[in-house]
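For the protein sequence lines, the chains are F and D, in the order given.
The opening residue of the first sequence carries number 1 in the working numbering; numbering runs sequentially from there.
The opening residue of the second sequence carries number 147 in the working numbering; numbering runs sequentially from there.
Note that CB positions come from ideal geometry on N, CA and C, so glycine has one too.
Below is one structure, written out as structure tokens; the observations come after it.
Protein chains: 2
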Amino acid sequence: MPHAVPEPDDFICFAIYSAGHAFNRLYKPLLESIGLTYPQYLVMIALWARNDQTVGDLGETLLLESSTLTPLLKRLEKSGLLSRSRDPEDERQVRVRLTRKGAGMRTKARDFPSCVKAATGFSNEALRRLRNDILSMRSAVLQAAD
Amino acid sequence: MPHAVPEPDDFICFAIYSAGHAFNRLYKPLLESIGLTYPQYLVMIALWARNDQTVGDLGETLLLESSTLTPLLKRLEKSGLLSRSRDPEDERQVRVRLTRKGAGMRTKARDFPSCVKAATGFSNEALRRLRNDILSMRSAVLQAAD
DNA sequence: ACCATTTACATCGCACGCGATTGAATCGCG
DNA sequence: CGCGATTCAATCGCGTGCGATGTAAATGGT
Numbered sequence: 001m002p003h004a005v006p007e008p009d010d011f012i013c014f015a016i017y018s019a020g021h022a023f024n025r026l027y028k029p030l031l032e033s034i035g036l037t038y039p040q041y042l043v044m045i046a047l048w049a050r051n052d053q054t055v056g057d058l059g060e061t062l063l064l065e066s067s068t069l070t071p072l073l074k075r076l077e078k079s080g081l082l083s084r085s086r087d088p089e090d091e092r093q094v095r096v097r098l099t100r101k102g103a104g105m106r107t108k109a110r111d112f113p114s115c116v117k118a119a120t121g122f123s124n125e126a127l128r129r130l131r132n133d134i135l136s137m138r139s140a141v142l143q144a145a146d
Numbered sequence: 147m148p149h150a151v152p153e154p155d156d157f158i159c160f161a162i163y164s165a166g167h168a169f170n171r172l173y174k175p176l177l178e179s180i181g182l183t184y185p186q187y188l189v190m191i192a193l194w195a196r197n198d199q200t201v202g203d204l205g206e207t208l209l210l211e212s213s214t215l216t217p218l219l220k221r222l223e224k225s226g227l228l229s230r231s232r233d234p235e236d237e238r239q240v241r242v243r244l245t246r247k248g249a250g251m252r253t254k255a256r257d258f259p260s261c262v263k264a265a266t267g268f269s270n271e272a273l274r275r276l277r278n279d280i281l282s283m284r285s286a287v288l289q290a291a292d
């Protein structure tokens, strides 16, 4: 075998990197219909699952830094989807809460996951296993990264 | 079952999105040692596999737009790793070629993939299957995205 | 009570990433 | 041959994403 030079598609990290972009493109028209970007949508998902979180909570869930979240949350606040306010118990923390408008947006986004699942062409069972594999790889990689 | 509200980790797209960030964090210290960012490293991989590509070729391989590649390639050119020049046969195209320095960098990056594979904690066989699943999902999603 | 340390968020600079647009070169159809 | 359509890269604006740094609040050991 004469010295196979690897291509991008040979790398698991590139597969994930490029698949992420593919999902982004798929979501974009759906999300534009409700005026969100993909990372903003993730914040909304986190808040729909559990309202009233600190910036740090959201960062832990979404694996993002405050330097990413703060400007993003300000844009969502400006859109009227959530409120940001210092916690009186601990003034260092900022509590993020859905507004009525932000909570109501959940129904508009209800069908997006099934649209996207259909687009993958994978069965629910195959998707579940693939997701679990990716999450456990993520854990291992994050563990190794520090 | 009382109305399960999905969390970010329940979404295959978030699993991929966050796993991508995890790989980025793992690669960062490795790549800093040779002065590259992760997307720059991908361009170098593409050129190590096949030298002398157009911007469009690279975009097709890496699934990136010229609006992303042009500034990135200019930075790599400024670093002395590649050259950019209009194709005399077709002046619309820009041919991207490795310099001696850029070609020589391949040996410095030779061990990165095995470092990263070790960090995932997956066997070669499991990684290969996971990669293929992700690539086929990427194809399906890209197909659906247009 | 004091002050060093830690924690939590914000700010800044830089590098993606893409849609929309531009401008130049080429193509293609009559 | 002529000229509108197409192709290819570059530019611009906006939104991430993060490391480094700043700042204010809380903590903890003495």
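Cβ separation of residue i and residue j, assumed to be a contact under 8 Å, to the nearest whole Å
i        : j        : result
D:ILE162 : F:PHE112 : With a Cβ gap of about 16 Å, D:ILE162 and F:PHE112 do not count as contacting.
D:ARG232 : D:VAL242 : Going by Cβ atoms, the distance from D:ARG232 to D:VAL242 rounds to 11 Å, so no, they are not a contact pair.
F:ILE34  : F:MET105 : 6 Å
D:ARG230 : D:LEU218 : Not quite, the Cβ-Cβ distance comes to about 11 Å (not below 8 Å), so this is no contact.
Reduced DSSP secondary structure (H/G/I, E/B, other) of residue i
i        : result
F:LEU98  : strand
F:SER139 : helix
D:GLN271 : Reading the sequence as shown, one finds Glu at residue 271 of chain D and not Gln. Helix at D:GLU271.
D:GLU211 : coil
F:SER85  : strand
D:ASP156 : helix
D:ARG238 : strand
D:THR266 : helix
D:THR253 : helix
F:THR70  : helix
Any chain D beta carbon closer than 7 Å to residue i
i        : result
F:ARG100 : no
F:MET105 : no
F:GLY121 : yes
F:GLU7   : yes
F:ILE34  : no
F:ALA4   : no
F:ARG138 : yes
F:LEU127 : yes
Buried or exposed (CB count within 10 angstroms, at least 16 for buried), residue i
i        : result
F:CYS13  : buried
D:SER164 : buried
F:ARG100 : exposed
F:THR107 : exposed
F:GLN53  : buried
F:SER21  : The question names Ser, yet the displayed sequence has His at residue 21 of chain F. Looking at its Cβ environment, which holds 16 or more other Cβ atoms inside 10 Å, F:HIS21 is buried.
F:VAL5   : exposed
F:ASP133 : buried
D:GLY248 : buried
F:ARG131 : buried
C-beta neighbour in chain F for residue i, strict 7 Å
i        : result
D:LEU276 : yes
D:THR214 : no
D:VAL189 : no
D:ARG171 : yes
D:GLY166 : yes
D:LEU281 : yes
D:VAL287 : yes
D:THR207 : yes
D:ALA255 : no
Neighbourhood of residue i by C-beta distance below 6 Å, restricted to the same chain and skipping five residues each side
i        : result
D:VAL201 : SER212, LEU215 and VAL240
D:VAL207 : The residue you asked about is not Val; residue 207 of chain D is Thr in the sequence shown. Same-chain partners within the cutoff: ALA192.
F:PRO8   : PHE14
D:LYS174 : none
Cβ neighbours of residue i in the same chain (closer than 8 Å, five flanking residues each side left out)
i        : result
F:LEU26  : VAL116 and ALA119
F:ALA145 : none
F:LEU127 : LYS117 and THR120
Proximity test, residue i beta-carbon vs the ligand NAP heavy atom, cut-off 6 Å
i        : result
D:GLN186 : No copy of the ligand NAP occurs in the structure displayed, which carries no ligand at all.
Proximal residues to residue i (C-beta, below 7 Å), its chain only, five neighbours per side dropped
i        : result
D:LEU222 : GLN186, VAL189 and LEU228
D:LEU176 : PHE258 and CYS261
D:GLU271 : none
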